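Protein chains in written order, with full-length UniProt numbering: chain A, 1 to 475; chain B, 1 to 240.
One structure is given below, encoded as structure tokens.
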Amino acid sequence: MSMKIGTDPFHERVETGINNSFMRGAVAGAQERLRTRRLDAAAELGNWEEWRALGEEIRQHTLEHLDYYLMQLSENVAKRGGHVFFAQTAEEANQYIRDVVIKKNAKKIVKSKSMVTEEIHLNPVLEAAGCEVIETDLGEYILQIDDHDPPSHIVAPALHKNKEQIRDVFRKKLDYDKTEKPEELASHARKMLRNEYLTADIGITGCNFAIAESGSITLVTNEGNADLVTALPKTQITVMGMERIVPTFEEMEVLVSLLTRSAVGQKLTSYITVLTGPRDEGDVDGPEEFHLVIVDNGRSDILGTEFQSVLQCIRCAACVNVCPVYRHIGGHSYGSIYSGPIGAVLSPLLGGYDDYKELPYASTLCAACTEACPVKIPLHELLLKHRQVIVEREGKAPISEKLAMKAFGLGAASSLLYKFGSKVAPSALQPFTADQRITKGIGPLKAWTEIREFPAPNKERFRDWFREHKKGGEQ
Amino acid sequence: MANGAIHNRDTFLQTIAKRLGREPRTSAVSRPAWKHQPQWTVFQGYSQDDLLEVLKSQCSRIHTDFVATTADALAATLKQTVAQYGGGPVVTWNDPRFAEYRLMPLLQSEWPNEQIDVHIWDASAGRKNIEWAEKANVGITFSDITLAESGTVVLFSNSGKGRTVSFLPQTYIAIIPKSTIVPRMTQAAAYIHKQIENGEQVASCINFITGPSNSADIEMNLVVGVHGPVKATYIVVTDR
Numbered sequence: 001m002s003m004k005i006g007t008d009p010f011h012e013r014v015e016t017g018i019n020n021s022f023m024r025g026a027v028a029g030a031q032e033r034l035r036t037r038r039l040d041a042a043a044e045l046g047n048w049e050e051w052r053a054l055g056e057e058i059r060q061h062t063l064e065h066l067d068y069y070l071m072q073l074s075e076n077v078a079k080r081g082g083h084v085f086f087a088q089t090a091e092e093a094n095q096y097i098r099d100v101v102i103k104k105n106a107k108k109i110v111k112s113k114s115m116v117t118e119e120i121h122l123n124p125v126l127e128a129a130g131c132e133v134i135e136t137d138l139g140e141y142i143l144q145i146d147d148h149d150p151p152s153h154i155v156a157p158a159l160h161k162n163k164e165q166i167r168d169v170f171r172k173k174l175d176y177d178k179t180e181k182p183e184e185l186a187s188h189a190r191k192m193l194r195n196e197y198l199t200a201d202i203g204i205t206g207c208n209f210a211i212a213e214s215g216s217i218t219l220v221t222n223e224g225n226a227d228l229v230t231a232l233p234k235t236q237i238t239v240m241g242m243e244r245i246v247p248t249f250e251e252m253e254v255l256v257s258l259l260t261r262s263a264v265g266q267k268l269t270s271y272i273t274v275l276t277g278p279r280d281e282g283d284v285d286g287p288e289e290f291h292l293v294i295v296d297n298g299r300s301d302i303l304g305t306e307f308q309s310v311l312q313c314i315r316c317a318a319c320v321n322v323c324p325v326y327r328h329i330g331g332h333s334y335g336s337i338y339s340g341p342i343g344a345v346l347s348p349l350l351g352g353y354d355d356y357k358e359l360p361y362a363s364t365l366c367a368a369c370t371e372a373c374p375v376k377i378p379l380h381e382l383l384l385k386h387r388q389v390i391v392e393r394e395g396k397a398p399i400s401e402k403l404a405m406k407a408f409g410l411g412a413a414s415s416l417l418y419k420f421g422s423k424v425a426p427s428a429l430q431p432f433t434a435d436q437r438i439t440k441g442i443g444p445l446k447a448w449t450e451i452r453e454f455p456a457p458n459k460e461r462f463r464d465w466f467r468e469h470k471k472g473g474e475q
Numbered sequence: 001m002a003n004g005a006i007h008n009r010d011t012f013l014q015t016i017a018k019r020l021g022r023e024p025r026t027s028a029v030s031r032p033a034w035k036h037q038p039q040w041t042v043f044q045g046y047s048q049d050d051l052l053e054v055l056k057s058q059c060s061r062i063h064t065d066f067v068a069t070t071a072d073a074l075a076a077t078l079k080q081t082v083a084q085y086g087g088g089p090v091v092t093w094n095d096p097r098f099a100e101y102r103l104m105p106l107l108q109s110e111w112p113n114e115q116i117d118v119h120i121w122d123a124s125a126g127r128k129n130i131e132w133a134e135k136a137n138v139g140i141t142f143s144d145i146t147l148a149e150s151g152t153v154v155l156f157s158n159s160g161k162g163r164t165v166s167f168l169p170q171t172y173i174a175i176i177p178k179s180t181i182v183p184r185m186t187q188a189a190a191y192i193h194k195q196i197e198n199g200e201q202v203a204s205c206i207n208f209i210t211g212p213s214n215s216a217d218i219e220m221n222l223v224v225g226v227h228g229p230v231k232a233t234y235i236v237v238t239d240r
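Below, the structure is given as structure tokens:
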């Protein structure tokens, strides 16, 4: 599946993540900062729970009437002279965009940050069509010039890199001769990218929220790159996941308020831009031609199922920023462009259980994600549902769990065997135990203890403790 | 403008309806009255002066200089702010408010006499405008609606109000008539929604701009000034 990043198996990805101490420090620091800023921004409003309830209600209503609102959106885009392409699959979307690119004889394409174009793996298709493709979000730009390093966070894609690494990449690839100061690095990127905007043939964007009543698209950035991507090239192509839509400007406003507070703790980001169709007659800047590509790519299979609420997501990454598992293993371990709790729910749905069956288990079910979500997606419950589906319908429980359950089943089925097992467990596992923890497990325990410790079996069995206790109580 | 094309819609929408377990819904869905509407309670009952204070204090959080002035003193204030930014070239919208606020003498004679280049957006000059904006040190626009809570200026584009004036120049100045200040984005969205309900056409580009451009993509360090302006000033005209 194209949203996949890397080919290493899950446990190896996790090991790489765990051993990357810079990345772990950076992730922990970023989580801390973003989480605090979100909490402050929410506290400032005073009635955050009401806002969340409103966000949830808007998203649920829109999903229940998705076909209607998409119909209205497409009518209104066309009325303003824009073209709309409904793409059932990633291939259909890429094919359409490729056709536009070829028809326009485009050589250079500038892009503003878009998760859905990562998901459908658009860039290689454009490059194969002979185009130079330039990502303009600073984080994405850094990753792109570093030989397409994959993103590790939905909002801050280059979070796993430190400034020295970025400086070295700039020196190697961009003739950069200054220091690792973020200001100098950013100023160099500004200079390099200015010229790209001015000479690009096509601008490609994602879409935070489409507005059905007017046929508009909303772009949310801090850098202002989406504005340049849409104001300067003659052709604009916007790609949106089909669920990224609201009925009117009034709902867009509420969801943008929830998004910017939840993502970065800002009341609004520096640039929120609402674009409707191509430029009007008489306008000088803005595109002459506008294409909106609406992508299904597995989303409709989620509608009407127990997982429908995951489509409420507004991609703020608040769940990522509170997740204790993400904190330790980092974004790349998820093997998907969608990381963290939302990635663990969404990736198996869009990419299939074959590739992503481990993700629902990469969770402590602590529910911090659910609590953080501004549109009240019950993320930890959906993770649990995944586990249920994996075991009951797919028969794909992780091998270690299967073995453990089988052994437990065997042992627990016979009271004699169970008694024996629980009695010998402490001494059998003694060689692997230090300080009441098992840190180097064998067999099925190995995969577990590579990531975390396992509590050693108690020397005093519950049964014995209970008998003793009961005796005490009777006296 | 000719209508655009729509491809593959029917099967796409039918699939969605089928998954939702019903026939495609093509008409007569109305928005419910949302159970909670906390957005309307923010700064409820605030006077225009109260909102001005909210805006002022928000400016310090968005790396934006805040200057209050009067209509009479506006030209002098503007001149001083541009001087602080190192002078021209200057690019402005072609907006009747520049004349209303008696800024034309500054734009058309005072600055040119001081060798400060001024380009007023001119749709008939086509792409040349973009070159001006790109070379400009300062871009100047009025604010159409101003959001106190977030410190945001709302700009509606048209043929005289080029999009790039606010984000290609090195620095940006927004002139804010005090009467344009509303509590938050809610009021601006409601205004635009009303326009649409009345059958009016919305501007092809509506910018909600909150201070200069910035990024935290390098080790979460805030860098102010990435693709758009590196500095911004709001000049509030308190008696208009």
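Note that the Cβ used here is the ideal one computed from N, Cα and C, for glycine as well.
Predicted model, so just to flag it, every value in this text is computed and none were measured.
Opening and closing residue of the alpha helix (DSSP H) in which residue i lies
i	result
residue 42 of chain B	Where residue 42 of chain B is concerned, there is no enclosing alpha helix (DSSP H), given that its DSSP letter is neither H nor E.
residue 384 of chain A	379-389
residue 15 of chain B	9-19
C-beta neighbour in chain B for residue i, strict 7 Å
i	result
residue 283 of chain A	yes
residue 51 of chain A	yes
residue 47 of chain A	yes
residue 353 of chain A	no
residue 311 of chain A	no
residue 149 of chain A	no
residue 135 of chain A	no
residue 112 of chain A	no
residue 227 of chain A	yes
residue 20 of chain A	no
residue 246 of chain A	no
Where the beta strand (DSSP E) through residue i begins and ends
i	result
residue 240 of chain A	235-241
residue 133 of chain A	132-135
residue 295 of chain A	289-295
residue 119 of chain B	118-120
residue 215 of chain B	214-218
residue 233 of chain B	231-237
residue 65 of chain B	64-69
residue 47 of chain A	It is not in any beta strand (DSSP E) - residue 47 of chain A carries neither H nor E in the DSSP assignment.
residue 82 of chain B	Not the beta strand (DSSP E): residue 82 of chain B falls in the alpha helix (DSSP H), residues 74-84.
Identified DSSP bridge partners for residue i
i	result
residue 209 of chain A	A/218
residue 138 of chain B	B/90 and B/171
residue 273 of chain A	A/219 and B/207
residue 139 of chain A	DSSP lists no partner for residue 139 of chain A.
residue 152 of chain B	B/147
Exposed unless 16 or more other CB atoms sit within 10 angstroms - verdict on residue i
i	result
residue 111 of chain A	buried
residue 222 of chain B	exposed
residue 475 of chain A	Bear in mind that the predicted position of residue 475 of chain A carries a pLDDT of just 44, short of 50, making it unreliable; the figure below should be weighed with that in mind. Result: exposed.
residue 147 of chain A	exposed
residue 84 of chain B	exposed
residue 469 of chain A	exposed
Within-7 Å CB hit, residue i to chain A
i	result
residue 16 of chain B	yes
residue 217 of chain B	yes
residue 59 of chain B	no
residue 286 of chain B	Because chain B in this structure spans residues 1 to 240, residue 286 of chain B falls outside the shown range and cannot be described.
residue 31 of chain B	yes
residue 226 of chain B	yes
residue 24 of chain B	yes
residue 210 of chain B	yes
residue 7 of chain B	yes
residue 66 of chain B	no
residue 233 of chain B	no
residue 20 of chain B	yes
residue 94 of chain B	no
residue 165 of chain B	no
Task: Members of the stretch 173-202 of chain B that neighbour chain A once the beta carbon cut-off is set at 7 Å - done: 185, 186, 189, 190, 192, 193, 196 and 202
Open item on the list: Can you pull out the residues from the stretch 35-55 of chain B whose beta carbon lies closer than 8 Å to at least one beta carbon of chain A?
Closed with: 35, 36, 37, 38, 39, 41 and 42
TODO: May I ask you to list, following chain order, the residues of the stretch 136-154 of chain B that have a beta carbon less than 7 Å from some beta carbon of chain A?
DONE: 149, 150 and 152
TODO: Return the residues of the stretch 180-193 of chain A that lie within a Cβ-Cβ distance of less than 7 Å from chain B, sorted by chain order.
DONE: 182, 183, 185, 186, 190 and 193
Open item on the list: Against chain B, which members of the stretch 81-98 of chain A pass a CB distance test of less than 9 Å?
Closed with: 81, 82, 83, 84, 85, 86, 87, 88, 92 and 96
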